[in-house]
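Chemist: Sequential numbering from 55 applies to the sequence shown in the working numbering. Have a look at the structure that comes next, please.
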Amino acid sequence: MDALILLGSFFLLIVIGMPVAYALGAAALIGAWWIDIPFQAVMIQVAGGVNKFSLLAIPFFILAGAIMAEGGMSRRLVAFAGVLVGFVRGGLSLVNIMASTFFGAISGSSVADTASVGSVLIPEMERRGYPREFSTAVTVSGSVQALLTPPSHNSVLYSLAAGGTVSIGALFMAGIVPGLLMSASLMALCLIFAKKRNYPKGEVIPLKQALKICGEALWGMMTMVIILGGILSGVFTATESAAIAVLWAFFVTMCIYRDYKWSELPKLMHRTVRTISIVMILIGFAASFGYIMTLMQIPAKITTLFLTISDNRYVILMCINVMLLVLGTVMDMAPLILILTPILMPVILGIGVDPVQFGMIMLVNLGIGLITPPVGAVLFVGAAIGKVSIESTVKALLPFYGMLFLVLLAVTYIPAISLWLPNLVL
55 MDALILLGSF FLLIVIGMPV AYALGAAALI GAWWIDIPFQ AVMIQVAGGV NKFSLLAIPF
115 FILAGAIMAE GGMSRRLVAF AGVLVGFVRG GLSLVNIMAS TFFGAISGSS VADTASVGSV
175 LIPEMERRGY PREFSTAVTV SGSVQALLTP PSHNSVLYSL AAGGTVSIGA LFMAGIVPGL
235 LMSASLMALC LIFAKKRNYP KGEVIPLKQA LKICGEALWG MMTMVIILGG ILSGVFTATE
295 SAAIAVLWAF FVTMCIYRDY KWSELPKLMH RTVRTISIVM ILIGFAASFG YIMTLMQIPA
355 KITTLFLTIS DNRYVILMCI NVMLLVLGTV MDMAPLILIL TPILMPVILG IGVDPVQFGM
415 IMLVNLGIGL ITPPVGAVLF VGAAIGKVSI ESTVKALLPF YGMLFLVLLA VTYIPAISLW
475 LPNLVL
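This is the structure:
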């Protein structure tokens, strides 16, 4: 009955139109009232939920990504990807995915990835003879890997939701191989389509121009080197690397590229602060919601439920995947990470799955949800930029869904894909 009151009130509040963050807080208060816990205890959890040093990584990474996104980085990364793969048949679709891979490793956001790369490449792909629906599908599916590769904001959220027991640095390292696997798989699919549909070849860029393009892109890509190099060398932590990334992004954008006006910085800061405030409110209320769930012993009950279904870890992982895929289509990613991680952590520990690997499993599942209706935020952004209907975009996405599901199965059942690199370097 406790679980019904807490979870039922949460979903009821969402159904009537309350924002997810406030629904979490209100449901926590209802749950506290039901089990006779003082409301002050809930408020203490809200304050404690955002009073964590590791959380500083989120606003810094969001700000660094915003500066680079609006400072001409996406255009230079597209040009750099064109140098590498643009000359093959269907090369522009490969450029799209590779540019998303590069940009995702700077922004850590699928929405920013889709908006930045899509606004440059979707019109260009259509001009070169690619169907607009296909161009949109490539852009949307290629942006999912941004959730895995560092600096992934969602990895920081997962570490927080796991109680800080999972290292952010380990999660950053764990996301590299699955992210590259996802990009390579989608590029292979694009090559198949290019050959089957006879998409156009690009032109080989002259050496002098190619060197200039690579030199310009190198400044922005150094952000990745600074983040990963600093963490691996022990010079600074993952949280400190976020602050360094902001300084570097600011220096490159304002002093090297100089495409962004100083007068526009206050507006950028205002948009970033608004985004951060929404995230922090969500984190605080999610902490209080998780506190009430723990008092009601909901995670233990969920663990027992899964273990009654089967004692086979592969079967349980498949059930968890199905649940995450379904929930990911109807709710946004951040609240699901904050809600489900404390619930599922005892389950995956009970069946012997590494929490770092499970973080990647969760991110891939919920990333697919972001490009799936009815509440696919990245899908809607991509369709809006591509100026195509949701229905036609989803139809074009069907083969890409298939490839993403194969990657999900590989990440789920081959632990080395996620754990090889963290075990090697940390």
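Built from N, CA and C at the ideal position, the CB exists for glycine as well. Here the structure is a predicted model, which means the values were calculated and not measured.
Rounded to whole angstroms, what's the CA-CA distance from VAL48 to GLY436? Just pull it up for me.
Modeler: Residue 48 lies beyond the range of the chain shown here (55 to 480); nothing can be said about it.
Chemist: VAL448: which of GLY423, ARG129 and PHE412 sits nearest, CA to CA?
Modeler: Of GLY423, ARG129 and PHE412, the residue nearest in Cα terms is GLY423.
Chemist: Quick one: give me the first and last residue of the alpha helix (DSSP H) that SER287 is part of.
Modeler: Residues 261-287.
Chemist: Buried or exposed: which applies to SER260, given that a residue is buried once 16 or more other Cβ atoms fall within 10 Å of its Cβ?
Modeler: Checking the sequence shown, residue 260 turns out to be Pro, not Ser. Classification for PRO260: exposed.
Chemist: Does the beta-carbon of THR277 have 16 or more other beta-carbons within 10 angstroms, so that it is buried, or is it exposed?
Modeler: Flag for THR277 reads buried.
Chemist: Using alpha carbons as the reference points, say which of ILE332, PHE304 and THR203 lies closest to TRP316.
Modeler: The residue with the shortest Cα to Cα distance from TRP316 is PHE304.
Chemist: Within the same chain, show all residues whose beta-carbon is closer than 6 angstroms to that of GLY421, passing over the 5 residues directly before and after it, in chain order.
Modeler: Hits under 6 angstroms: VAL198 and LEU201.
Chemist: Looking at VAL171 and SER154, is the spacing between their C-beta atoms short of 7 angstroms?
Modeler: Yes; because the gap between Cβ atoms is below 7 angstroms, this pair is in contact.
Chemist: Tell me which residues share the same chain as HIS207 and place their Cβ nearer than 7 angstroms to its Cβ, disregarding the 5 neighbours each side in the sequence.
Modeler: Cβ neighbours of HIS207 beyond the five flanking positions: ILE112, PHE115, ILE116, GLY162 and SER163.
Chemist: Examine the Cβ distances between the region 141-152 and the region 288-299 and report whether three or more of them are shorter than 8 angstroms.
Modeler: No: the two stretches stay apart, fewer than three of their Cβ pairs being nearer than 8 angstroms.
Chemist: Give the list of continuous alpha helix (DSSP H) stretches no shorter than 4 residues that lie fully inside the region 130-166.
Modeler: Segments of the alpha helix (DSSP H) lying fully in the region 130-166: 145-161.
Chemist: Which residues in the same chain have their Cβ closer than 6 angstroms to the Cβ of ILE91, if we skip the five residues on either side of it in sequence?
Modeler: Closer than 6 angstroms at Cβ, skipping near neighbours: no residue.
Chemist: PRO396 and PRO353 - do their beta-carbons sit closer together than 7 angstroms?
Modeler: The answer is yes: Cβ separation under 7 angstroms.
Chemist: Please state whether DSSP places LYS255 in a helix, a strand or coil.
Modeler: Strand at LYS255.
Chemist: Compare the C-alpha of ILE25 against each of GLU257, SER364 and ALA431 and name the closest.
Modeler: No answer is possible for residue 25: the residues shown for the chain start at 55 and end at 480.
Chemist: Is the beta carbon of LEU83 sitting closer than 7 angstroms to the one on VAL100?
Modeler: Not closer than 7 angstroms, so no.
Chemist: Report back the beta-carbon spacing between GLY440 and THR190 to the nearest angstrom; my notes put them in contact at under 8 angstroms.
Modeler: Contact flag correct, Cβ pair sits at about 3 angstroms.
Chemist: Among PHE412, THR358, LEU451 and PRO453, which one has its Cα closest to the Cα of ALA470?
Modeler: Per the Cα distances, PHE412.
Chemist: So, PHE360 versus VAL401, is the Cβ gap smaller than 7 angstroms?
Modeler: Yes, Cβ-Cβ distance for PHE360 and VAL401 is below 7 angstroms.
Chemist: Determine the extent of the alpha helix (DSSP H) in which GLY423 is found, giving its start and end residues.
Modeler: First-last of the alpha helix (DSSP H) with GLY423: 409-424.
Chemist: Can you find at least 3 beta carbon pairs, one from the region 369-387 and one from the region 310-330, that sit closer than 8 angstroms?
Modeler: No, because fewer than three Cβ pairs between the region 369-387 and the region 310-330 fall closer than 8 angstroms, the two stretches do not touch.
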